Amino acid sequence: MNEITGQKLPREFYLKSTVTVAKELLRKTIVYNSSSGIIAGDIVETEAYVGREDPACHAAVGKTDRNAVMFGPGGFSYVYFIYGMYNCFNIVTEQEGFPAAVLIRAVEPVAGIDILMANSPAKDSKFSNGPGKFCRAFGITREHNGLDLCNNTIYIIDQKVKAPEIGISPRIGIKKAKEKPWRFFDCDSCYISGK
DNA sequence: TGTTGGATCAACT
DNA sequence: GTTGATCCAACAC
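What follows is the structure, encoded as structure tokens:
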């Protein structure tokens, strides 16, 4: 098991603008203290969903039971279920009252790889290169919705291993506001989704 | 109360 | 390139 060291990101990290947080989350390490053991991965792909002016953001239609956590302060998890089979894990950003979040699309496994492999039906190396696959491998469900990332169940640390080579592109898999260049990824990673 | 479609993935043709 | 799997939230009635 790899040693997980580094400083846990403080609340203030998440209160900045969503696009800034999305970029800065690249090459940070997400740690999940699961019942099966510690799972961790380097974040290599994110997307920003920003407030009511973004038609692709769930919060664009106003506050609902589902997206309520996005209206709270940054540093909380927003997990939703989609297409009947997949969960997507988001990190809420910005101040309370401003609904926005960063979708985690892909990670590079760092620790608990045996758990990831066990959770994933595909036993090859590509079990976390997509938001649905990432949640399935980590065992994240909407039971994890609304968790405080400043606590010890799920949190993010800065290992300062290396600086990402940041690539930018339009978001993937949405029908609205496709033109916005709010997808960010590490060009050096071979774990990113899509191309 | 009923209908519809989605921030996906994998297995087809 | 297209489609099936399959649940839940949003919206229309």
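For my numbering, add 530 to where a residue sits in the first sequence, where the first one is 1. Beta carbons are placed, not taken as given, at the ideal position from N, Cα and C, and that holds for glycine. No experiment lies behind these values; they were computed from the predicted model shown.
Residue i lies in the beta strand (DSSP E); which residues open and close that run?
i	result
isoleucine 684	684-688
alanine 578	567-580
arginine 713	713-716
glycine 697	696-699
cysteine 618	616-622
From what residue to what residue does the alpha helix (DSSP H) around residue i run?
i	result
alanine 648	643-649
phenylalanine 611	Careful: phenylalanine 611 lies outside any alpha helix (DSSP H), inside the beta strand (DSSP E) at 607-612.
Under 7 Å Cβ to Cβ from residue i, same chain only, skipping five residues before and after it: list those, please.
i	result
glutamate 638	Gly571, Asp572, Val574, Ser719 and Tyr721
Are the CB atoms of residue i and residue j nearer to each other than 9 Å?
i	j	result
phenylalanine 543	glycine 602	no
leucine 646	phenylalanine 657	yes
methionine 615	glycine 662	yes
threonine 548	glutamate 624	yes
alanine 641	valine 561	yes
arginine 596	tyrosine 613	no
arginine 666	asparagine 617	yes
glutamate 577	leucine 539	no
Tell me which residues share the same chain as residue i and place their Cβ nearer than 6 Å to its Cβ, disregarding the 5 neighbours each side in the sequence.
i	result
cysteine 717	Glu695 and Gly697
tyrosine 579	Cys587 and Ala631
lysine 558	Ile573, Ile686 and Asp688
Tell me which same chain residues have a C-beta within less than 8 Å of the C-beta of residue i, skipping the five on either side of it?
i	result
proline 700	Lys708, Glu709, Lys710, Pro711, Trp712 and Arg713
Measure the beta-carbon distance from residue i to residue j and round it to whole angstroms, keeping in mind my assumption that it falls under 8 Å.
i	j	result
isoleucine 686	serine 607	Not a contact, Cβ separation roughly 10 Å.
alanine 636	phenylalanine 664	6 Å
glycine 581	aspartate 688	About 26 Å separates the two Cβ atoms, so there is no contact after all.
glycine 660	serine 723	4 Å
request  = Determine, using beta-carbon pairs with one atom in the segment 578-589 and one in the segment 666-685, whether at least three such pairs fall under 8 Å.
outcome  = Too few Cβ pairs lie closer than 8 Å, so no.
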